[in-house]
Amino acid sequence: MIIILIVIALILIIFNYKAVKKENSSFKDILRVNEESPEDYMLEIINLRKDFGETITELQKEIIDLKIHNESIIANSYKPINKNLINNDNDVHINIDNDKDYSNNNETTNIEVKSKVEEKITNEKVNKVKTLSQQGLTMDEICAQLNLGKGEVLLIKELYLK
Numbered sequence: 004m005i006i007i008l009i010v011i012a013l014i015l016i017i018f019n020y021k022a023v024k025k026e027n028s029s030f031k032d033i034l035r036v037n038e039e040s041p042e043d044y045m046l047e048i049i050n051l052r053k054d055f056g057e058t059i060t061e062l063q064k065e066i067i068d069l070k071i072h073n074e075s076i077i078a079n080s081y082k083p084i085n086k087n088l089i090n091n092d093n094d095v096h097i098n099i100d101n102d103k104d105y106s107n108n109n110e111t112t113n114i115e116v117k118s119k120v121e122e123k124i125t126n127e128k129v130n131k132v133k134t135l136s137q138q139g140l141t142m143d144e145i146c147a148q149l150n151l152g153k154g155e156v157l158l159i160k161e162l163y164l165k
């Protein structure tokens with residue numbers, strides 16, 4: 004009886020030793036894989052940050068261009084204001100000739116001009132992206148030729164070209 008118990012104990016010890024050995028090697032493999040994978044994630048994060056930065060910079064440039072264009076349209080559309088200052092012994096007389104009728108008309112024309120400019124810019128980009136993608140260019144090549152971010156090109160492809 005004692006011999007049977009000793010044999011069973013030895014068999015259990017051998018099986019447990021093999022299981023522990025397998026567990027150690029599998030743990031090392033898992034650890035090695037996990038140590039390598041954060042580098043891949045970091046590279047992806049860096050690429051995403053770069054793409055977002057490029058897209059934001061391009062959007063800021065476009066916003067500034069639109070503001071300048073809008074200001075020039077507004078400056079050209081308003082009538083000049085005549086101000087005459089007359090100084091006589093501490094008396095100041097200000098004569099201002101304003102036509103307030105043009106303010107409402109200019110607001111609607113500014114909105115119309117903004118929408119037309121935005122549509123024109125959007126249509127040009129969409130057409131350029133469409134022609135370049137039909138020519139078989141890759142996403143990076145399209146971005147490089149049009150100076151657009153990958154996000155913007157993807158949006159154009161997804162929204163307009165389907």
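The numbering used here applies: residue 4 is where the sequence shown begins, and numbers increase by one. Virtual Cβ for every residue (Gly too), placed ideally from N, Cα, C. No experiment lies behind these values; they were computed from the predicted model shown.
Unbroken alpha helix (DSSP H) run spanning residue i, endpoints
i: G154; result: 153-162
i: M4; result: That residue, M4, is in no alpha helix (DSSP H); it is neither H nor E in DSSP.
i: L149; result: 142-149
Between the CA atoms of residue j and residue i - distance to the nearest angstrom
i: E155; j: I76; result: 27 angstroms
i: I6; j: A12; result: 10 angstroms
i: E74; j: L34; result: 60 angstroms
i: I145; j: Y163; result: 16 angstroms
i: D43; j: I9; result: 52 angstroms
i: L151; j: A78; result: 30 angstroms
i: I16; j: K31; result: 23 angstroms
i: G139; j: V129; result: 16 angstroms
i: K133; j: S80; result: 36 angstroms
i: T141; j: D54; result: 16 angstroms
i: N126; j: E65; result: 15 angstroms
i: R52; j: K123; result: 29 angstroms
i: E57; j: E38; result: 30 angstroms
i: F18; j: K24; result: 10 angstroms
Short Cβ contact (8 angstroms threshold) for residue i with residue j
i: S136; j: K160; result: yes
i: K236; j: L149; result: Because the chain is modelled from 4 through 165, residue 236 falls outside the range shown and cannot be assessed.
Closer than 7 angstroms: residue i CB and nearest the ligand COA heavy atom
i: E122; result: Of ligands this structure carries none, so the ligand COA is not represented either.
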